[in-house]
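**Student:** Position 10, counted from 1, in the sequence shown is what the working numbering calls 6; the numbers after and before it change by one each time, with no gaps.
By construction, the Cβ of each residue, glycine as well, lies at the ideal position given by its N, Cα and C atoms.
First the structure, which I've put down as structure tokens, then a few questions once you've had a look.
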Amino acid sequence: MLQIPYEKMAVNWIEPDLTNKESFTLSLPWLSMRIGVVPEDKSWIKDALAHLHANPSNENVQKFIHELKGYPIAYVQPRKWEKFEGKDLQKCPDLTVDLSTPASLVATFGCPIDPSIQEDIIPAWTWDQEKILEKARIEGTDLYDPMSFITYLICYRLEWESGGWLGQDRFGKFLQTLLEKDEKQFFQAIGGISRQAWQVLTEFCSSMEPAITHFVKAKEAVASYIAEERGHHKFMEQVFRDLDLDKDAFPLAGGTRWLLDSYKHAATISPLAFSAMVALFEAAYYEEEEAITGAIKRSSRPHAGRGYELHRKVNEEYRHCDVPLHFASYLAPQTRSHALLTVGLFELTLNVLNKMEQKLARSFDIH
Ligand SMILES: [Fe+2]
């Protein structure tokens, strides 16, 4: 499969420094890194950088993207129709959701939304749905390559987040400000967040179960992912124990309820949305340390961060960031309505989750 660098990827070669080492920088709205280059790699990397956007099929460009496969920096070029022929893949079921507006999606999707988050439903779509779909369209058809669609959607989402509240690490800053202001309150905030995480990890496996029957071509893959996820709520129970907090003292947020319920329903009606939405539960790539772990480590109870740390390690070890794509490999070309449902669920749900974190920050009087 040919990989295409995301259009916002910028690279810059850095001439030898005082230590005579050469390197280049790679930046995307959500990620930037400086990578050292050893002399024997210099010529192919320079060639890759020169052809990055103009000629992605260049073999050095492909090698370059492959070397950085741990990071979401590229998407899959739509395969030709013939590539799908004769394969035993999951077809799209009929869909009767009205996707014209966020409100119509919620009204017709088939899963209730908690009244407490009614106000968090965005009034209109703002994501460029046509652009996302066009990146995945299979030539000569009005069907979409699920691998292209999901890989592009993941990058698009990261770009969108980088311009918003989460991308500017406002949540990390909120935690740090609160920690400096009042540690007791800081632990309360961690309790509130961990309660949401506990609920997600407690129900995640059962939310996926409908996919075993409705996404039958990926039955084994789904079952083994469920097995890998089982019991992970215990990581959060560890956090509560380490902080001497009672998880039941913290409320379940409407946004968390929607995340789990909508996912479970997607598992029943849309294998494409189900595959893509795993990305709402898993990190897109693994950073050195999550904001929450870092903040807890700076508190007087640094060991309380280990529940988060261990969970992150498991995800990284099993490469759970790759699960959406693995599921997508069992999908046949997808219809426009399933692709639009998936984009809609992403935009709607991510806004709801964003609002949830902002509300939490405001409840501690930090903006
Ligand atoms: Fe995971």
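Can you find a heavy atom of ligand 1 that lies under 7 angstroms from the Cβ of N311?
**Tutor:** Distances taken from the Cβ of N311 to the heavy atoms of ligand 1 include one shorter than 7 angstroms.
**Student:** I need the boundaries of the beta strand (DSSP E) containing Y71, first residue and last residue.
**Tutor:** A70 to V72
**Student:** State the Cα-Cα distance for the pair M232 and P267, rounded to the nearest angstrom.
**Tutor:** Taken atom to atom, the span from the alpha-carbon of M232 to that of P267 is near 29 angstroms.
**Student:** Which two residues bound the contiguous alpha helix (DSSP H) that contains A269?
**Tutor:** A269 -> alpha helix (DSSP H) spans P267 to M273.
**Student:** Is there at least one non-hydrogen atom of ligand 3 closer than 7 angstroms to the beta-carbon of E225?
**Tutor:** With respect to small molecules bound, the structure shown includes ligand 1 and not ligand 3.
**Student:** Which whole-angstrom value is the C-beta distance of H316 and E278, which I expect to be below 8 angstroms?
**Tutor:** About 5 angstroms; that satisfies the 8 angstroms criterion.
**Student:** So who's on the other strand from S28, going by DSSP bridges?
**Tutor:** Residue pairing by DSSP places S28 opposite S23 in a beta bridge.
**Student:** Which term fits E225, buried or exposed, when burial requires 16 or more other beta carbons within 10 angstroms of its beta carbon?
**Tutor:** It counts as buried.
**Student:** Note down the Cα distance separating Q58 from K65, rounded to an integer number of angstroms.
**Tutor:** Just so you know, the alpha carbons of Q58 and K65 end up roughly 10 angstroms apart.
**Student:** Helix, strand or coil, according to DSSP, for I118 in the structure here?
**Tutor:** Reduced to three states, the DSSP call for I118 is coil.
**Student:** How many Å lie between L241 and F200 at the Cα?
**Tutor:** 23 angstroms
**Student:** Let me check one thing: in DSSP terms, what residues is V7 bridge-paired to?
**Tutor:** L22
**Student:** So, under 8 angstroms CB-CB, W121 and G340 are touching, yes? Tell me the CB distance rounded to an integer number of Å.
**Tutor:** 7 angstroms
**Student:** Return yes when the Cβ of P1 is within less than 8 angstroms of the Cβ of I61, no when it is not.
**Tutor:** yes
**Student:** Considering only DSSP beta bridges, list what I0 is partnered with.
**Tutor:** Y71
**Student:** Below 8 angstroms between beta carbons: does that hold for K38 and E18?
**Tutor:** yes
**Student:** So I113 and V348 are supposed to be a Cβ contact under 8 angstroms. How far apart are they, rounded?
**Tutor:** Indeed they touch by this definition, with Cβ atoms about 6 angstroms apart.
**Student:** Taking the straight line between their C-alpha atoms, what separation do you get for S220 and Y67?
**Tutor:** 24 angstroms
**Student:** Considering L306, what are the terminal residues of the alpha helix (DSSP H) in which it resides?
**Tutor:** R302 to E313
**Student:** Determine whether the beta carbon atoms of L239 and I186 lie at a separation below 8 angstroms.
**Tutor:** yes
**Student:** Label N311 either buried or exposed according to how many other C-beta atoms from any shown protein chain fall within 10 Å of its C-beta, with 16 as the threshold for buried.
**Tutor:** So N311 counts as buried.
**Student:** Using the DSSP secondary-structure output, state which residues sit across from Q86 in a beta bridge.
**Tutor:** L327
**Student:** Anyone know if the C-beta pair for K334 and L24 falls short of 8 angstroms?
**Tutor:** Per the sequence presented here, residue 334 reads as His, with Lys not at that position. Result no, Cβ atoms of H334 and L24 do not sit closer than 8 angstroms.
**Student:** Per the contact definition of three or more C-beta pairs closer than 8 angstroms, is the region 69 to 81 in contact with the region 133 to 141?
**Tutor:** Verdict: yes, contact present.
**Student:** Which residue or residues does DSSP assign as beta-bridge partners of V33?
**Tutor:** Note: V33 sits in a beta bridge opposite E18.
**Student:** Is the region 35 to 55 touching the region 293 to 307 in the sense that three or more CB pairs, one from each, lie closer than 8 angstroms?
**Tutor:** no
**Student:** Thinking C-alpha only, which one of E283, T198, H229 and F182 is nearest F360?
**Tutor:** F182
**Student:** If you count every other CB in all the chains shown that lies within 10 Å of the CB of K351, and 16 or more means buried, which is it?
**Tutor:** buried
**Student:** Taking T209 as part of the alpha helix (DSSP H), name the residues at either end of that continuous run.
**Tutor:** P206 to H210
**Student:** Comparing C-alpha positions only, which one of P298, E3, T21 and G106 sits nearest to I265?
**Tutor:** The candidate whose alpha carbon is nearest that of I265 is G106.
**Student:** Rounded to whole angstroms, what is the Cα-Cα separation between E313 and E283?
**Tutor:** 13 angstroms
**Student:** What is the DSSP secondary structure of R358, reduced to helix, strand or coil?
**Tutor:** helix
**Student:** With three or more beta-carbon pairs closer than 8 angstroms as the criterion, would you say the region 83 to 90 touches the region 163 to 178?
**Tutor:** no
**Student:** Would you call the CB atoms of Y71 and A214 closer than 8 angstroms?
**Tutor:** Between Y71 and A214, the C-beta gap is not smaller than 8 angstroms, which leaves the two residues out of contact.
**Student:** Can you give me the C-alpha to C-alpha distance between I362 and W26, rounded to a whole angstrom?
**Tutor:** 24 angstroms
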